[in-house]
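Worksheet for the structure shown next.
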Amino acid sequence: MKIAVGCDPNAQEFKEELIDYLLKLGYEVEDFGAPDPIYANVAVSVAKAVAAGRCDRGILVCGTGIGMSIAANKVKGAYAALVNDVYQAQRAELSNHANIITMGAQVTGIEVAKMMAAEYLKNTFDQNSRSVPKVERIYSYEKEAMK
Numbered sequence: 001m002k003i004a005v006g007c008d009p010n011a012q013e014f015k016e017e018l019i020d021y022l023l024k025l026g027y028e029v030e031d032f033g034a035p036d037p038i039y040a041n042v043a044v045s046v047a048k049a050v051a052a053g054r055c056d057r058g059i060l061v062c063g064t065g066i067g068m069s070i071a072a073n074k075v076k077g078a079y080a081a082l083v084n085d086v087y088q089a090q091r092a093e094l095s096n097h098a099n100i101i102t103m104g105a106q107v108t109g110i111e112v113a114k115m116m117a118a119e120y121l122k123n124t125f126d127q128n129s130r131s132v133p134k135v136e137r138i139y140s141y142e143k144e145a146m147k
């Protein structure tokens with residue numbers, strides 16, 4: 001599985017430690033860097049790579065994770081979920097089929113971030129779950145709204 005990872009300059013060290021961890025877990029990582037202080041540019045780059053299928057999933061980090069989530073969700077086919085704990089990271093995929101998670105380097109410790117990333121990446125959306133109609137409505141609304 002290929003993971004797109006990006007951050008703003010404030011989260012550079014956090015991102016590097018997270019990438020090292022993902023590599024140790026056996027994931028392929030594409031690093032989208034952190035040189036741009038306009039975090040939305042990095043978020044959009046990662047979201048485009050994931051939505052286009054060039055990367056399987058994405059992880060974005062800024063101070064709180066909020067801005068990255070908002071920006072990534074502007075890209076058609078990108079579904080970014082802000083996660084703050086391991087359960088949310090698990091449910092981002094299992095219940096919501098999010099292809100990107102975002103987190104905040106200033107509000108989340110790196111060890112918790114590693115656990116969240118691992119939990120998110122080990123799960124796959126259950127196509128037979130009760131969440132399917134809910135997720136399908138998100139997709140159909142996107143088609144209606146982004147014509």
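In the UniProt record's numbering, the protein residues as written are 1 to 147. Even for Gly, the Cβ is constructed at its ideal location relative to N, Cα and C. From a predicted model like this one, the values you see are computed outputs, not experimental measurements.
What is the DSSP secondary structure of residue i, reduced to helix, strand or coil?
| i | result |
| --- | --- |
| glycine 26 | coil |
| alanine 4 | strand |
| aspartate 31 | strand |
Pop quiz: residue i and residue j are said to be a contact at Cβ under 8 Å. What is the actual Cβ separation, rounded to whole angstroms?
| i | j | result |
| --- | --- | --- |
| lysine 114 | tyrosine 21 | 5 Å |
| tyrosine 79 | isoleucine 100 | 7 Å |
| arginine 57 | methionine 1 | 7 Å |
| valine 42 | alanine 51 | Going by Cβ atoms, the distance from valine 42 to alanine 51 rounds to 15 Å, so no, they are not a contact pair. |
When the Cα of residue i is compared with those of the options, which residue comes out closest?
| i | options | result |
| --- | --- | --- |
| valine 5 | Leu60, Asn84, Gly77 | Leu60 |
| glycine 53 | Gly77, Leu82, Lys15, Gln127 | Gly77 |
| glutamate 119 | Ile3, Val83, Ala89, Pro37 | Ala89 |
| threonine 102 | Pro9, Gly33, Gly63, Asn10 | Gly63 |
Self-check item: Whole runs of the alpha helix (DSSP H) within the region 48-113, excluding any shorter than 4 residues
Solution: 66-72, 86-94
Practice problem: Would you be able to state if there are at least three C-beta pairs under 8 Å between the region 45-58 and the region 70-78? | Solution: The region 70-78, when compared against the region 45-58, does touch it at the 8 Å Cβ threshold.
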